[in-house]
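Heads up: the structure comes next, in structure tokens.
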Amino acid sequence: MYSRKPYVPLDNRYAERVAVTCRVRYIGEVPTQPHQGEGLTKNISVSGCHVISDRPVTRGTLLTLTVWLPDGLPQLVIKSAHVVWVSG
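Quick note, the sequence shown lines up with residues 0 to 87 if you use numbering that gives the first Met the number 0.
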């Protein structure tokens, strides 16, 4: 008998992403991983964001992000942001 497996999406994020461009500055929190640079967000959600940066970072790194929000809203500082995916 044929049994169909349940559908499992490739992207298992639980929060909707919103396309928004914001300036970002980041700095590594671990002395052995001294990452520091700037970039732009491609999209943001309550559980994460996609940042295109001027310098590479290592998967697994903890960063402090400073995000300049649009429309003159106050800066958003995120401590212990965990890098879960890198490209290039």
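Backbone N, C-alpha and C fix where the C-beta goes; we use that ideal spot for every residue, glycine too.
Worksheet entry | Cβ shell of GLY88 (< 7 angstroms), same chain only, five flanking positions each side left out | Limits of the chain in this structure are 0 at one end and 87 at the other, which puts residue 88 out of reach.
Item to complete: Classify VAL7 as helix, strand or coil using the three-state DSSP reduction.
Response: The count along the sequence shown starts at 1 and reaches residue 7 at position 8. Residue confidence is low: VAL7 scores 48 on pLDDT, short of 50, so the model does not pin down where it sits. Its coordinate-derived value is still stated next. Look at VAL7 here: in three-state DSSP terms it is coil, with no helix or strand label.
Worksheet item: Which word fits ILE77, buried or exposed, when buried means at least 16 other C-beta atoms lie within 10 angstroms of its C-beta?
Response: If you number the sequence shown from 1, residue 77 lands on position 78. So ILE77 counts as exposed.
Item to complete: Can you tell me which of the three DSSP states VAL76 falls into?
Response: For the purposes of this step, residue 76 is taken as the residue at position 77 of the sequence shown. Note: VAL76 maps to strand in three-state DSSP.
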